[in-house]
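Participant:
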Amino acid sequence: MGKVVLALDGMGGDQAPEVVVNGADIARERYPGASFLLFGDPARLKPLVDRRKGLAQALEIVPAEDAVSPDDKPSFALRRRRQSSMWLAVDAAAQGRADTVVSAGNTGALLAISMVAMRMLPGAHRPALASFMPTNRGETVMLDLGANLECDAENLAEFAVMGSVFAQVLLGLSEPAVGLLNVGSEELKGHEELRQAAMMLRREGSPVSFHGFVEGNDIGVGKVDVVVTDGFTGNIALKAIEGTAKLYTGFVRDAFKTSTFAKIGYLFASGALVKMRKRVDPRRYNGGVFVGLDGICVKSHGGTDALGFAYAIGVAIDMVRYDYRSKLVEGLAKLHEVASTAEAPALQAGGGGA
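As numbered in the working numbering, residues 2 to 355 make up the sequence shown, in order.
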């Protein structure tokens, strides 16, 4: 692997800075070509780094006198947290001193700061929060997971391109199937924005392999590789899935406590349960990406542990290593080219005069 420099928000997250430092150490062993700019309070960071043998050689501590708190509003973080570890880490990636930035801090603040510092890629009008989740067929990418509460047809079509390239880079799929989340699979179902987005994605020359509409129960089945929706719907769907997973995990755990025979049964089933637990371990899927920005910004879950943060770092490294940015620029350019080509005949047909 070539050298990749990552800017880390050392003070962001529920268990920062310990989780950030320990996660960087795990990632360093997995990705020998990675090095880190760690932003935060040196008095707290240096003792933690010194405890991890060899980490100091791959890491530079960059002083930051402030930190974004979980309760900070995005507007407040933009105005008053310019010297925070989050701001300085994002700025390092925006200015090219790092290839990417990873933070487990305040999501709204991270998005706002990243939009100001990095701006948008050519052809992208809004960023979307993308991540992936386990399904019956493997893993499925889903976006937007909360960055935009309302989206028009063009936004959704752009998100489809972003998600398709995301799946190509992180899941290794050559032509990922893309679906728009809707209340039914029929073409006439859903809001006008959804139907218009579907029409854009069905055009000849579209840069995505468009499956059509999918429903909520199709997500876990893995009917498509990429599920596209607005941030309001996507965030609710994601939390409903997470809540259901926790509910059934609790049901299984309680079932094995009901009797002596159930406890004996657990001993026989423990191997299978360990495999299942590993497959759905949320740490393996940690690392949402604000796609559409002119830079790579990865959002780790705020409550993750060191292993989860290391997975988020891995997502960031893969985004750099497999050149996500240039592939996305190419895909967005093709989407808008197809759209403009389709509009030209319509304008000519309607321009006959009085």
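Note that beta-carbon positions come from the ideal geometry of N, C-alpha and C, so glycine has one too. Since the structure is predicted, the reported quantities are computational estimates derived from the model, not experimental observations.
(1) Beta carbon of K300, beta carbon of S104: below 8 angstroms?
(2) State the DSSP-derived secondary structure class of K74, mapped to helix, strand or coil.
(3) For D319, does the count of other Cβ atoms within 10 angstroms reach 16, so buried, or fall short, so exposed?
(4) Would A94 pass as a contact of G289 if the rule is Cβ separation under 8 angstroms?
(5) Buried or exposed: G354, going by 16 or more other Cβ atoms within 10 Å of its Cβ?
(6) To the nearest angstrom, report how far apart D51 and D26 are at their CA atoms.
(7) Rounded to a whole number of angstroms, what is the C-alpha to C-alpha distance between G41 and L268?
(8) Assuming the contact rule is C-beta atoms closer than 8 angstroms, E165 and P177 should be a hit. Round their C-beta distance to whole Å, please.
(9) Would you check if the distance between the CB atom of G106 and the CB atom of V69 is smaller than 8 angstroms?
(10) Take the Cβ of S115 as the centre, count every other Cβ of all protein chains shown within 10 Å, and call the residue buried at 16 or more, exposed below.
(11) Please report the straight-line C-alpha distance between V21 and G293, rounded to a whole angstrom.
(12) Pick out whichever of V321, H126, A125 and V142 has its Cα sitting closest to the Cα of S132.
(13) Among G13, A241, F37 and R285, which has the Cα closest to the Cα of N218?
(14) Please report the distance separating the alpha-carbon of A113 from that of D92.
(15) Could you name the residues of the same chain whose beta carbon sits closer than 7 angstroms to that of P18, not counting the 5 residues immediately before and after it, in chain order?
(16) Could you check if T342 is buried or exposed, using at least 16 other CB atoms within 10 Å of its CB as the buried criterion?
(17) Less than 8 angstroms between the C-beta atoms of N75 and A110, yes or no?
(18) Less than 7 angstroms between C-beta atoms, sequence neighbours within five positions excluded: which residues of the same chain meet that for L348?
(19) Could you tell me which uninterrupted alpha helix (DSSP H) segments, each at least 4 residues in length, are contained entirely in the region 280-340, listed from first to last along the chain?
(20) How close, in whole Å, do the beta carbons of G244 and F257 come, if the pair is a contact with beta carbons under 8 angstroms?
(21) D231: which of A307, R254 and E159 sits nearest, CA to CA?
(22) Expressed to the nearest angstrom, what Euclidean distance is found between the alpha-carbon atoms of A317 and K4?
(23) Could you tell me which of V209, D255 and V225 sits nearest to G139, measuring between CA atoms?
(24) Do L336 and P208 come within 8 angstroms of each other at the CB atom, strictly closer than that value?
(25) Put M12 into one of helix, strand or coil per three-state DSSP.
(26) Do you know offhand how far L195's Cα is from L122's?
(27) Rounded to whole angstroms, how far is the Cβ of L174 from the Cβ of A198, which I believe are closer than 8 angstroms?
(28) Would you mind working out which of Q169, D15 and K247 sits nearest G332, comparing C-alpha positions?
Facilitator: Considering the structure as presented:
(1) Taking the first residue of the sequence shown as 1, we reach residue 300 at position 299. Taking the first residue of the sequence shown as 1, we reach residue 104 at position 103. Pairing K300 with S104 gives a Cβ-Cβ distance under 8 angstroms.
(2) Here residue 74 is taken as the residue at index 73 of the sequence shown, counted from 1. Coil at K74, not helix or strand.
(3) On the sequence shown, position 318 is the one that residue 319 refers to. Around the beta-carbon of D319, 16 or more other beta-carbon atoms lie within 10 Å, marking it buried.
(4) The sequence position of residue 94 within the sequence shown is 93, counting from 1. The sequence position of residue 289 within the sequence shown is 288, counting from 1. No, the pair does not count as a contact, with Cβ atoms beyond the cut-off.
(5) Residue numbering aside, residue 354 sits at position 353 when the sequence shown is read from its first letter. Residue confidence is low: G354 scores 46 on pLDDT, short of 50, so the model does not pin down where it sits. No coordinate-derived value is stated.
(6) By one-based count along the sequence shown, residue 51 stands at place 50. By one-based count along the sequence shown, residue 26 stands at place 25. Cα-Cα distance, rounded: 11 angstroms.
(7) One-based indexing of the sequence shown puts residue 41 at position 40. One-based indexing of the sequence shown puts residue 268 at position 267. Our two residues, G41 and L268, have alpha carbons roughly 46 angstroms apart in a direct line.
(8) Within the sequence shown, numbered from 1, the residue matching residue 165 stands at position 164. Within the sequence shown, numbered from 1, the residue matching residue 177 stands at position 176. First, the amino acid is wrong: residue 165 is Ser here, not Glu. Their Cβ separation, rounded to whole angstroms, is 5 angstroms, which keeps S165 and P177 in contact under 8 angstroms.
(9) If you number the sequence shown from 1, residue 106 lands on position 105. If you number the sequence shown from 1, residue 69 lands on position 68. Cβ distance < 8 angstroms, so G106 and V69 count as in contact.
(10) Mapped onto the sequence shown, residue 115 falls at position 114. Counting the other Cβ atoms within 10 Å of the Cβ of S115 gives 16 or more, which makes it buried.
(11) For the purposes of this step, residue 21 is taken as the residue at position 20 of the sequence shown. For the purposes of this step, residue 293 is taken as the residue at position 292 of the sequence shown. Computed Cα separation, rounded: 25 angstroms.
(12) One-based indexing of the sequence shown puts residue 132 at position 131. Distance check between S132 and each of V321, H126, A125 and V142 places V142 closest, using alpha-carbon atoms only.
(13) Along the sequence shown, one-based indexing puts residue 218 at 217. Ranked by how close their Cα comes to the Cα of N218, the residues G13, A241, F37 and R285 have A241 in first place.
(14) For this step, residue 113 is matched to residue 112 along the sequence shown. For this step, residue 92 is matched to residue 91 along the sequence shown. In a straight line, the C-alpha of A113 is about 12 angstroms away from that of D92.
(15) Taking the first residue of the sequence shown as position 1, residue 18 is located at position 17. Excluding sequence neighbours, P18 sits near G11, M12, G41, R45, L46 and L49.
(16) By 1-based counting over the sequence shown, the position of residue 342 is 341. In this structure T342 is exposed. Its beta-carbon is surrounded by fewer than 16 other beta-carbon atoms within 10 angstroms.
(17) As a working mapping, residue 75 is identified with position 74 in the sequence shown. As a working mapping, residue 110 is identified with position 109 in the sequence shown. Note that residue 75 is Pro in the sequence shown here, rather than Asn. Between P75 and A110, the C-beta spacing is below 8 angstroms.
(18) For the purposes of this step, residue 348 is taken as residue 347 along the sequence shown, with counting starting at 1. At L348, the pLDDT of 48 sits below 50, so the modelled position is not reliable; the number obtained from the coordinates is stated separately. Here the set comprises nothing.
(19) Qualifying alpha helix (DSSP H) stretches, in chain order: 307-322.
(20) Counting from 1 along the sequence shown, the entry for residue 244 is found at position 243. Counting from 1 along the sequence shown, the entry for residue 257 is found at position 256. About 21 angstroms; that fails the 8 angstroms criterion.
(21) Along the sequence shown, read from residue 1 onward, the residue named residue 231 stands at position 230. Ranked by how close their Cα comes to the Cα of D231, the residues A307, R254 and E159 have E159 in first place.
(22) In the sequence shown, the residue the question calls residue 317 occupies position 316. In the sequence shown, the residue the question calls residue 4 occupies position 3. Distance from the CA atom of A317 to the CA atom of K4, rounded to whole angstroms, is 13 angstroms.
(23) Walking along the sequence shown from the start, residue 139 turns up at place 138. When each option's Cα is compared against that of G139, the closest is V225.
(24) Numbered from 1 along the sequence shown, position 207 holds the residue referred to as residue 208. Numbered from 1 along the sequence shown, position 335 holds the residue referred to as residue 336. Result yes, Cβ atoms of P208 and L336 sit closer than 8 angstroms.
(25) Against the sequence shown, residue 12 aligns to sequence position 11. Three-state result, M12: coil.
(26) Taking the sequence shown and counting its residues from 1, one reaches residue 195 at position 194. Taking the sequence shown and counting its residues from 1, one reaches residue 122 at position 121. Approximately 23 angstroms, taken between the alpha carbons.
(27) Here the question's residue 174 lines up with position 173 in the sequence shown. Here the question's residue 198 lines up with position 197 in the sequence shown. Contact doesn't hold; Cβ gap of about 21 angstroms is too wide.
(28) Stepping through the sequence shown from its first residue, residue 332 is reached at position 331. G332 has its Cα closest to that of Q169, out of Q169, D15 and K247.
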